[in-house]
Amino acid sequence: MTVPFGFYGNSLTSRYSCFGLLLFIFIAQTTALPLNDTNFEFESSSTESTSTPSLLENDEVKGPLTDHFVRWLENNGYLYSHGFDSLKFNRPDLGPYASFGGKIDDDDRVINSPVIFIHGNSDGALAIDGPYSSGYSSSISYFLKNGYKSSELYVTTWGDRNSTNAHLRIHSCRFLSYLRMFVDAVLEYTKADKINIISHSMGVTLARRIVKGGLLLSSDSYMGYCVLGQPLGNRVNVFIGLAGANTGMCNCAGADDILFPTCNKETGFWPGDYCGQNHLTCGDDPQPYPCTRPQYSQFLEDLNSDPYHLEGNFIASLWSHDDDILGHGCNVYGYPTPLIPNSNYYHILSGYNHMDTKDKTAAYQFNLINYRKIT
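The sequence shown maps to residues -32 to -1, 1 to 343 in mature numbering (1 follows the signal peptide of the UniProt record, and there is no 0).
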């Protein structure tokens, strides 16, 4: 089964009454796909599933990064942060649940290809109290119970975990550079030939960009552009995207691209207001008129129009038709916004909300990493 690249649908029913709404909720209820002159096809081998994967009871997982990893970071220049703890990968400003990973000592050998987890907007490394703050505790707990060690599992918190700032977060050079340096550090520290990446929500589009690397225009960088280095796709074994908004969010259509920075047309989740003769019909399914080339935010447009620098050797996309954040069955102008272009595999869940797609699929994630299938 193939899916054309460049289409996604979601109705323009964005209703935000306060700035405290999570950007993920914001992203989750709307998504629009950027279409280019070229249509790409996604290979998929999965079927829709309503079953719940068997999960082990989630024991508390506690960080932060191990002392061994922190010392290595300090000795290799990765903790140079101009005095700001928020730029350190162990995030001492946020406590022990803001990071995880690292060796215990020099004798701790890395056997499994390391897994790097990248969370979404307003979330963080590990679970804390509060909505949309479950982190990757469930996934890490499952991996630890199935043969992995802390030296093979890595996550850092790239934001402030304050949901009232969700509407302000964009694909900024600050976040992209921070995450790219973290990935580079894990590669260098573990000396692994390849890594695996598991990403969720806004973390999907951030992770895709840092793996593709390159140079992009950026309003928050000193010289007006952001340098992310050489492509890393050949160093990534499996790349998993969970409930991402790869073609935007329908809730960001209309005037919201001006009202909410996260919806802006350059580095946000703007899904486009038009697709062919359709105007503000992002979430409608079917669309009133044929729609073949929607145009969305420049960041997403650039991300999706690059078929040459892939996110990994094997790309998997997972989402749920019942996602409460993406809404509209996760469609944007008639196509699933969580579907990463050039995916080798996709799986559609039912009955899972936005966070469930991450928190209740640890077994799926493990099997995709190790066997390239969910069962």
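No residue lacks a Cβ here, since even glycine has one placed at the ideal position from N, Cα and C.
Of all alpha-carbon atoms in D161, N205, L174 and M170, the one lying nearest the alpha-carbon of L196 is that of L174. Under the three-state reduction of DSSP output, F111 falls in the helix class. Here W40 carries a helix assignment [DSSP, helix/strand/coil]. Of all C-beta pairs linking the segment 30 to 44 to the segment 297 to 310, fewer than three are shorter than 8 Å, placing the two stretches out of contact. With respect to the 8 Å criterion, L286 and T343 are not classified as neighbours on the basis of their beta carbons. Taking the C-beta atoms as reference points, G70 is found no nearer than 8 Å to V123.
The residue from W238, P256 and G251 with its alpha-carbon nearest to that of G244 is P256.
Leaving aside the five residues that flank L210 on each side, the residues in its chain whose CB is nearer than 6 Å to its CB run, in chain order, H168, L286, T325 and K326. DSSP places S285 in the uninterrupted beta strand (DSSP E) bounded by F282 to S288. Comparing alpha-carbon positions, the option among S105, S106, S119 and G63 lying closest to S81 turns out to be S119.
Y190 and L183 have their C-alpha atoms spaced approximately 13 Å apart. Here P306 is not bridged, per DSSP, to any residue. Taking 4 residues as the minimum length, the alpha helix (DSSP H) runs contained wholly in the segment 60 to 141 are 105 to 113, in order along the chain.
Ranking R177, Y146 and N89 by CA distance to the CA of L136 puts N89 first.
In the structure shown, F267 falls within a helical segment according to DSSP collapsed to helix, strand and coil.
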